[in-house]
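Position 247 (the sequence shown) corresponds to 247 in full-length UniProt numbering; numbering is contiguous.
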Amino acid sequence: MTPQPPENRDKDAGRWSDLGRPPLNATALRRALVRPGSLWTALDVVSATGSTNTDLAARAAKGETEGAILVAEEQSAGRGRLDRTWSAPPRSGLFFSVYLTPRVPVERWGWLPLLAGVATATALSRTADVDTALKWPNDLLVTSEDSDALRPGGTLTERKVGGILAERAGPGVVIGIGLNVSLTAAELPVPTAGSLALAGAHTTDRDPLLRAVLRSLEHWYQEWQSADGDPTTSRLQEAYAAGCATLGRTVRAELPGDTDITGEAVAIDTDGRLVLATANGVQQPVGAGDIVHLRPATES
C-alpha cells in the first residue's frame, strides 16, 4: 500500500474509522490543477478548520496570490449568507474556498457567486450525473428522494445540496463553496437539505468531483474576464437563467424591517438581480444583499 502524504494523514487514527469516506488526495489534486498556465496557483488540504473563507481571507490580507485554493475535510464554523451556519460530518462533503482578483469593473464583481453557481452546477451534472438547479442567489439544488420516495407513490423533491458565499478580501474576493456529497438521510442538518448520494449520484468520490468543479470554475471565470465581466457577452447571464429554478415561480422576498415583496420571478437582470413581477404590474429588481429570505409565496 502506498503511504499517504502527511497532509492526507491525521494524527488521530480515528480519521480512518470511516472507510467509506476516505481523505482527499492533496498531492494528486495539486498535480491535476496547479500547473503552468492554470488559474490555480496553490492548493492546501487541512483536516479541520473553522471556516475556509475566514482562513483564506486572512491569507489574502497578507498578500496571497490569485488562484489559491483551501480545502477542509471538516469545518466547525462554516458560514453561509448572513452568517448562517453550515455543518456536516468529516469528509462527507466538499468544503473549500478560492481566492480571485478579478480584472474587470468592480461593479460587475457581484456576478462572482452566480458564476460559481453555474460552474458548480455544470460540473456536478456532468461528473455526478445528477439533475442540478440554482436557487437564486446562492443555493445549489438537486432532485432528491424524500422519505416517502422509497415507498410506492413516493415523490422526488428539490433539495439544497450546497451553498456559495463570496466575500471581499484584500484586493480580491474569496468564494466559499460547500457541497453535501455522501450525507445519509439521518445526517441531514435540516429537512430541506440533500446530498449527492441521496440524489443517486453516479459517483461520490470527492477527488474527481472537486477537480471537475474547479476546472469548470476556471473556465467560466476566464470567459467572464475575457468579456470584461459582461454577463451577456460571456453568456453567464443566459447560463444562470437557464439553470435557475427560481424563475417562473411566485416567491416572497423578505426584506429588512419586516417588509416583503411578492411576485413571479421573471428574469435575472444584467446586475445579477432577481426581477419580480408584482400583482400591480411592477417589475421590481431585488439584489442579493437586500434580502433576508427568499421563499415560495405559499410558504409561511
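Glycine included, C-beta positions come from ideal geometry on N, C-alpha and C. Keep in mind that this is a model prediction, so the values were computed, not measured.
- Between Leu56 and Leu70, the CB-CB gap stays under 7 angstroms.
- In the DSSP secondary-structure assignment, Leu70 is bridged to Asp44, Ser97.
- The bridge partners DSSP lists for Ile291 come to none.
- When the five nearest sequence neighbours on each side are left out, the beta carbons in the same chain lying within less than 7 angstroms of the beta carbon of Gln237 are those of Pro231, Ile268, Thr270, in order along the chain.
- Thr184 is classed as exposed because its beta carbon has fewer than 16 other beta carbons within 10 Å across all chains shown.
- The count of Cβ pairs closer than 8 angstroms, one atom from the segment 248-259 and one from the segment 117-127, stays below three, leaving the stretches out of contact.
- For Asp207, no beta strand (DSSP E) run applies; the uninterrupted alpha helix (DSSP H) run containing it begins and ends at 206-226, by DSSP.
- For Arg30, no beta strand (DSSP E) run applies; the uninterrupted alpha helix (DSSP H) run containing it begins and ends at 26-33, by DSSP.
- The beta carbon of Asp290 sits closer than 7 angstroms to those of Leu255, all from its chain and outside the five residues before and after it, given in chain order.
- In this structure, the alpha-carbon of Arg91 lies about 5 angstroms from that of Glu73.
- In this structure the segment 166-184 touches the segment 201-218; the number of beta carbon pairs closer than 8 angstroms is three or more.
- Selection Glu187, Leu124, Cys244, Leu165 evaluated against Gly200 yields Leu124 as nearest (Cα-Cα).
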